[in-house]
(Lines of atoms letter the chains of each structure in order from A and count residues from 1; the text may use other names and numbers.)
(Lines give C-alpha, C1' and ligand atoms only; values in the text may rest on other atoms or scores of the structure.)
Protein backbone atom coordinates (compact mmCIF):
# COMPACT_ATOMS: atom_id res chain seq x y z
CA UNK A 1 0.00 0.00 0.00
CA UNK A 2 1.22 3.58 -0.62
CA UNK A 3 2.83 5.49 2.22
CA UNK A 4 0.33 7.98 3.63
CA UNK A 5 1.49 11.16 5.34
CA UNK A 6 0.07 11.49 8.86
CA UNK A 7 -2.25 14.26 10.06
CA UNK A 8 -0.30 17.27 11.38
CA UNK A 9 -1.40 20.31 13.36
CA UNK A 10 -0.19 23.15 11.12
CA UNK A 11 -3.29 25.32 10.74
CA UNK A 12 -1.58 28.32 9.12
CA UNK A 13 -0.08 26.18 6.36
CA UNK A 14 -3.44 24.48 5.81
CA UNK A 15 -5.10 27.89 5.51
CA UNK A 16 -2.55 28.99 2.89
CA UNK A 17 -3.28 25.86 0.86
CA UNK A 18 -7.03 26.50 1.03
CA UNK A 19 -6.57 30.08 -0.17
CA UNK A 20 -4.49 28.81 -3.09
CA UNK A 21 -7.11 26.17 -3.91
CA UNK A 22 -9.85 28.81 -4.01
CA UNK A 23 -7.93 30.83 -6.61
CA UNK A 24 -7.60 27.74 -8.79
CA UNK A 25 -11.23 26.67 -8.35
CA UNK A 26 -12.34 30.18 -9.32
CA UNK A 27 -11.14 29.35 -12.86
CA UNK A 28 -13.26 26.19 -12.75
CA UNK A 29 -16.44 28.09 -11.86
CA UNK A 30 -15.87 30.74 -14.53
CA UNK A 31 -15.28 28.07 -17.19
CA UNK A 32 -18.42 26.15 -16.18
CA UNK A 33 -20.52 29.33 -16.23
CA UNK A 34 -19.15 30.20 -19.68
CA UNK A 35 -20.12 26.79 -21.08
CA UNK A 36 -23.54 27.02 -19.43
CA UNK A 37 -24.18 30.41 -21.04
CA UNK A 38 -23.21 28.93 -24.43
CA UNK A 39 -25.97 26.33 -23.97
CA UNK A 40 -23.91 23.20 -23.24
CA UNK A 41 -26.04 20.72 -21.21
CA UNK A 42 -25.20 20.56 -17.49
CA UNK A 43 -24.64 16.80 -17.57
CA UNK A 44 -22.11 17.21 -20.37
CA UNK A 45 -20.26 20.01 -18.54
CA UNK A 46 -19.99 17.92 -15.36
CA UNK A 47 -18.90 14.81 -17.29
CA UNK A 48 -16.18 16.70 -19.16
CA UNK A 49 -15.00 18.38 -15.97
CA UNK A 50 -14.32 15.01 -14.31
CA UNK A 51 -13.15 13.24 -17.49
CA UNK A 52 -10.41 15.83 -17.99
CA UNK A 53 -9.62 15.66 -14.26
CA UNK A 54 -9.16 11.87 -14.50
CA UNK A 55 -7.20 11.91 -17.77
CA UNK A 56 -4.75 14.53 -16.51
CA UNK A 57 -4.28 12.74 -13.20
CA UNK A 58 -3.54 9.40 -14.86
CA UNK A 59 -1.18 10.91 -17.47
CA UNK A 60 0.77 12.94 -14.92
CA UNK A 61 0.94 10.63 -11.91
CA UNK A 62 0.36 7.00 -12.96
CA UNK A 63 3.90 6.69 -14.42
CA UNK A 64 5.30 7.89 -11.09
CA UNK A 65 2.92 6.32 -8.56
CA UNK A 66 1.98 3.13 -10.41
CA UNK A 67 -0.69 0.97 -8.80
CA UNK A 68 -0.38 3.00 -5.59
CA UNK A 69 -2.43 5.72 -7.28
CA UNK A 70 -5.67 3.72 -6.95
CA UNK A 71 -4.93 1.62 -3.85
CA UNK A 72 -7.23 2.83 -1.08
CA UNK A 73 -7.33 1.93 2.61
CA UNK A 74 -11.03 2.86 2.78
CA UNK A 75 -12.68 2.35 -0.61
CA UNK A 76 -16.25 2.85 0.63
CA UNK A 77 -15.40 6.25 2.06
CA UNK A 78 -13.61 7.25 -1.16
CA UNK A 79 -16.62 6.30 -3.29
CA UNK A 80 -19.00 8.16 -0.96
CA UNK A 81 -16.76 11.23 -1.10
CA UNK A 82 -16.68 11.03 -4.91
CA UNK A 83 -20.49 10.81 -5.05
CA UNK A 84 -20.79 13.87 -2.78
CA UNK A 85 -18.43 15.79 -5.04
CA UNK A 86 -20.50 14.84 -8.09
CA UNK A 87 -23.69 16.09 -6.41
CA UNK A 88 -21.94 19.28 -5.32
CA UNK A 89 -20.70 20.02 -8.83
CA UNK A 90 -23.90 19.00 -10.60
CA UNK A 91 -26.16 21.11 -8.40
CA UNK A 92 -23.77 24.07 -8.61
CA UNK A 93 -23.45 23.96 -12.41
CA UNK A 94 -27.21 23.57 -12.82
CA UNK A 95 -27.88 26.56 -10.55
CA UNK A 96 -25.42 28.61 -12.63
CA UNK A 97 -27.77 28.33 -15.60
CA UNK A 98 -30.32 30.47 -13.76
CA UNK A 99 -28.42 32.52 -11.17
CA UNK A 100 -25.40 34.86 -11.20
CA UNK A 101 -22.08 33.51 -9.89
CA UNK A 102 -22.36 35.90 -6.97
CA UNK A 103 -25.60 34.32 -5.73
CA UNK A 104 -24.63 30.68 -6.28
CA UNK A 105 -21.29 31.21 -4.54
CA UNK A 106 -22.80 33.10 -1.61
CA UNK A 107 -25.33 30.33 -0.92
CA UNK A 108 -22.62 27.71 -1.39
CA UNK A 109 -20.64 29.37 1.39
CA UNK A 110 -23.18 28.34 3.96
CA UNK A 111 -21.21 25.07 3.87
CA UNK A 112 -18.88 26.22 6.71
CA UNK A 113 -21.97 26.65 8.88
CA UNK A 114 -23.22 23.20 7.88
CA UNK A 115 -19.76 21.76 8.54
CA UNK A 116 -19.88 23.14 12.06
CA UNK A 117 -23.34 21.60 12.57
CA UNK A 118 -22.27 18.19 11.22
CA UNK A 119 -18.86 18.00 12.91
CA UNK A 120 -20.56 16.88 16.11
CA UNK A 121 -22.29 13.71 14.90
CA UNK A 122 -19.74 12.84 12.18
CA UNK A 123 -16.39 13.81 13.72
CA UNK A 124 -17.27 13.73 17.42
CA UNK A 125 -16.69 17.48 17.94
CA UNK A 126 -18.86 19.25 20.50
CA UNK A 127 -20.80 22.26 19.17
CA UNK A 128 -21.92 24.73 21.85
CA UNK A 129 -24.79 27.18 21.85
CA UNK A 130 -22.62 30.09 20.67
CA UNK A 131 -21.68 28.32 17.46
CA UNK A 132 -25.27 27.16 16.95
CA UNK A 133 -26.31 30.82 17.25
CA UNK A 134 -23.68 31.78 14.65
CA UNK A 135 -25.06 29.08 12.34
CA UNK A 136 -28.55 30.56 12.71
CA UNK A 137 -27.27 34.06 11.95
CA UNK A 138 -25.52 32.75 8.84
CA UNK A 139 -28.77 31.35 7.50
CA UNK A 140 -30.39 34.74 8.04
CA UNK A 141 -27.77 36.08 5.65
CA UNK A 142 -28.82 33.50 3.07
CA UNK A 143 -32.48 34.49 3.43
CA UNK A 144 -31.51 38.12 2.76
CA UNK A 145 -29.71 37.12 -0.44
CA UNK A 146 -32.37 34.79 -1.90
CA UNK A 147 -35.40 36.67 -0.46
CA UNK A 148 -37.93 33.79 -0.56
CA UNK A 149 -41.43 34.97 -1.33
CA UNK A 150 -40.24 38.03 -3.27
CA UNK A 151 -40.06 38.55 -7.02
CA UNK A 152 -36.27 38.26 -6.79
CA UNK A 153 -36.44 34.68 -5.51
CA UNK A 154 -35.56 31.92 -7.96
CA UNK A 155 -36.12 28.22 -7.15
CA UNK A 156 -32.58 27.51 -8.36
CA UNK A 157 -31.41 28.93 -5.01
CA UNK A 158 -32.53 25.62 -3.51
CA UNK A 159 -30.09 23.85 -5.84
CA UNK A 160 -27.27 25.98 -4.45
CA UNK A 161 -28.38 25.17 -0.92
CA UNK A 162 -28.22 21.46 -1.76
CA UNK A 163 -24.77 22.07 -3.24
CA UNK A 164 -23.67 23.62 0.07
CA UNK A 165 -24.90 20.59 2.02
CA UNK A 166 -22.99 18.07 -0.10
CA UNK A 167 -19.93 20.33 -0.11
CA UNK A 168 -19.98 20.30 3.70
CA UNK A 169 -20.28 16.50 3.73
CA UNK A 170 -17.48 16.26 1.16
CA UNK A 171 -15.22 18.41 3.36
CA UNK A 172 -15.88 16.24 6.41
CA UNK A 173 -15.17 13.06 4.42
CA UNK A 174 -11.93 14.66 3.17
CA UNK A 175 -10.87 15.17 6.78
CA UNK A 176 -11.77 11.57 7.66
CA UNK A 177 -9.61 10.35 4.76
CA UNK A 178 -6.65 12.54 5.72
CA UNK A 179 -3.93 10.23 7.00
CA UNK A 180 -5.81 7.24 5.51
CA UNK A 181 -5.23 7.70 1.75
CA UNK A 182 -2.79 9.92 -0.12
CA UNK A 183 -4.06 13.16 -1.66
CA UNK A 184 -3.44 11.69 -5.14
CA UNK A 185 -5.48 8.58 -4.36
CA UNK A 186 -8.29 10.82 -3.13
CA UNK A 187 -8.16 12.75 -6.41
CA UNK A 188 -8.27 9.53 -8.42
CA UNK A 189 -11.52 8.43 -6.80
CA UNK A 190 -12.87 12.00 -6.87
CA UNK A 191 -12.47 11.81 -10.65
CA UNK A 192 -13.41 8.24 -11.52
CA UNK A 193 -16.53 8.01 -9.31
CA UNK A 194 -18.41 10.86 -11.09
CA UNK A 195 -17.27 9.62 -14.53
CA UNK A 196 -18.61 6.09 -13.89
CA UNK A 197 -21.87 7.38 -12.40
CA UNK A 198 -22.49 9.79 -15.29
CA UNK A 199 -21.45 7.50 -18.12
CA UNK A 200 -24.96 6.04 -18.75
CA UNK A 201 -26.45 9.52 -19.34
CA UNK A 202 -23.47 11.67 -20.34
CA UNK A 203 -23.94 11.43 -24.12
CA UNK A 204 -27.70 12.07 -24.12
CA UNK A 205 -28.24 15.31 -26.05
CA UNK A 206 -24.50 15.85 -26.49
CA UNK A 207 -23.62 19.31 -27.87
CA UNK A 208 -20.15 20.22 -29.14
CA UNK A 209 -18.93 23.76 -28.31
CA UNK A 210 -19.22 26.23 -31.16
CA UNK A 211 -16.52 28.68 -30.00
CA UNK A 212 -12.76 28.00 -29.76
CA UNK A 213 -12.67 29.54 -26.27
CA UNK A 214 -15.24 26.97 -25.13
CA UNK A 215 -12.93 24.12 -26.13
CA UNK A 216 -10.28 25.75 -23.97
CA UNK A 217 -12.81 25.95 -21.14
CA UNK A 218 -13.37 22.18 -21.39
CA UNK A 219 -9.68 21.56 -20.76
CA UNK A 220 -9.29 24.24 -18.09
CA UNK A 221 -12.19 22.84 -16.07
CA UNK A 222 -10.43 19.52 -15.62
CA UNK A 223 -7.02 21.05 -14.87
CA UNK A 224 -8.42 23.57 -12.39
CA UNK A 225 -10.61 20.95 -10.72
CA UNK A 226 -7.68 18.56 -10.29
CA UNK A 227 -5.31 21.25 -9.00
CA UNK A 228 -7.80 22.96 -6.71
CA UNK A 229 -9.08 19.79 -5.07
CA UNK A 230 -5.56 18.38 -4.68
CA UNK A 231 -4.55 21.48 -2.72
CA UNK A 232 -7.76 21.22 -0.70
CA UNK A 233 -7.09 17.56 0.16
CA UNK A 234 -3.57 18.36 1.36
CA UNK A 235 -4.86 21.29 3.42
CA UNK A 236 -7.18 18.98 5.38
CA UNK A 237 -4.14 17.04 6.58
CA UNK A 238 -2.97 20.13 8.45
CA UNK A 239 -6.21 21.56 9.88
CA UNK A 240 -9.83 20.64 10.63
CA UNK A 241 -12.72 21.53 8.26
CA UNK A 242 -14.15 23.99 10.81
CA UNK A 243 -10.81 25.84 10.86
CA UNK A 244 -10.33 25.91 7.09
CA UNK A 245 -13.86 26.54 5.82
CA UNK A 246 -14.25 30.26 6.71
CA UNK A 247 -11.15 31.17 4.67
CA UNK A 248 -12.82 30.02 1.49
CA UNK A 249 -14.94 33.19 1.75
CA UNK A 250 -12.13 35.08 0.01
CA UNK A 251 -13.25 33.58 -3.29
CA UNK A 252 -16.56 35.44 -2.95
CA UNK A 253 -14.67 38.63 -3.74
CA UNK A 254 -13.03 37.09 -6.81
CA UNK A 255 -16.31 35.59 -8.04
CA UNK A 256 -18.13 38.91 -7.60
CA UNK A 257 -15.52 40.69 -9.73
CA UNK A 258 -15.58 37.93 -12.37
CA UNK A 259 -19.38 37.90 -12.52
CA UNK A 260 -19.41 41.65 -13.02
CA UNK A 261 -16.61 41.90 -15.60
CA UNK A 262 -17.23 38.71 -17.62
CA UNK A 263 -20.99 38.11 -17.38
CA UNK A 264 -22.21 41.66 -16.62
CA UNK A 265 -23.95 40.54 -13.41
CA UNK A 266 -22.90 42.98 -10.66
CA UNK A 267 -23.82 42.24 -7.02
CA UNK A 268 -26.75 44.20 -5.57
CA UNK A 269 -27.10 45.71 -2.07
CA UNK A 270 -28.99 42.66 -0.74
CA UNK A 271 -26.18 40.38 -1.84
CA UNK A 272 -23.58 42.55 -0.11
CA UNK A 273 -25.58 42.69 3.14
CA UNK A 274 -26.20 38.94 3.15
CA UNK A 275 -22.56 38.13 2.40
CA UNK A 276 -21.36 40.37 5.26
CA UNK A 277 -23.64 38.49 7.66
CA UNK A 278 -22.57 35.06 6.37
CA UNK A 279 -18.87 35.93 6.55
CA UNK A 280 -19.24 37.41 10.04
CA UNK A 281 -20.95 34.25 11.32
CA UNK A 282 -18.34 32.01 9.69
CA UNK A 283 -15.44 34.01 11.10
CA UNK A 284 -17.01 33.89 14.56
CA UNK A 285 -17.12 30.09 14.32
CA UNK A 286 -13.45 30.08 13.30
CA UNK A 287 -12.46 32.35 16.21
CA UNK A 288 -14.44 30.15 18.58
CA UNK A 289 -12.64 27.07 17.24
CA UNK A 290 -9.27 28.74 17.86
CA UNK A 291 -10.28 29.73 21.38
CA UNK A 292 -11.36 26.19 22.23
CA UNK A 293 -8.18 24.75 20.69
CA UNK A 294 -6.02 27.05 22.83
CA UNK A 295 -7.91 25.99 25.96
CA UNK A 296 -7.45 22.33 25.12
CA UNK A 297 -3.74 22.89 24.47
CA UNK A 298 -3.32 24.69 27.81
CA UNK A 299 -4.99 21.80 29.63
CA UNK A 300 -2.66 19.30 27.94
CA UNK A 301 0.39 21.37 28.98
CA UNK A 302 -0.79 21.47 32.61
CA UNK A 303 -1.08 17.71 32.61
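Residue numbers (UniProt numbering): 1 to 303.
A virtual CB, placed ideally from N, CA and C, is assigned to each residue, including glycine.
Note that this is a predicted model, so its numbers are computed, not measured.
{"Check": "Determine the extent of the alpha helix (DSSP H) in which residue 88 is found, giving its start and end residues.", "Outcome": "75-96"}
{"Check": "Should residue 227 be counted as a contact of the ligand GDP given a C-beta to heavy atom distance under 8 Å?", "Outcome": "Annotation note on the ligand GDP: not contained in the displayed structure, which lists no ligands."}
{"Check": "Taking all protein chains shown into account, decide if residue 186 is buried (16 or more other Cβ within 10 angstroms of its Cβ) or exposed.", "Outcome": "buried"}
{"Check": "Can at least three beta-carbon pairs, one atom from the stretch 39-49 and one from the stretch 229-245, be found at a separation below 8 Å?", "Outcome": "no"}
{"Check": "Have a look at 178, 279, 16, 223 and flag the residue whose alpha-carbon is nearest the alpha-carbon of residue 72.", "Outcome": "178"}
{"Check": "Rounded to a whole number of angstroms, what is the C-alpha to C-alpha distance between residue 89 and residue 193?", "Outcome": "13 Å"}
{"Check": "To the nearest angstrom, report how far apart residue 141 and residue 290 are at their CA atoms.", "Outcome": "23 Å"}
{"Check": "Mapping the DSSP letters down to three states, classify residue 29 as helix, strand or coil.", "Outcome": "helix"}
{"Check": "If you draw a straight line from the alpha carbon of residue 85 to that of residue 294, how long is it in whole angstroms?", "Outcome": "33 Å"}
{"Check": "Using the DSSP secondary-structure output, state which residues sit across from residue 181 in a beta bridge.", "Outcome": "178"}
{"Check": "Please report the Cβ distance between residue 115 and residue 160, rounded to the nearest whole angstrom; I am assuming they are in contact, meaning their Cβ atoms lie under 8 Å.", "Outcome": "With 8 Å as the limit, residue 115 and residue 160 do not qualify as a contact, their Cβ atoms being about 16 Å apart."}
{"Check": "Quick check on residue 225: buried or exposed, where buried means 16 or more other Cβ atoms within 10 Å of its Cβ?", "Outcome": "buried"}
{"Check": "Could you check where the alpha helix (DSSP H) with residue 308 kicks off and where it finishes?", "Outcome": "Here the chain has residues from 1 to 303 only, and residue 308 is not among them."}
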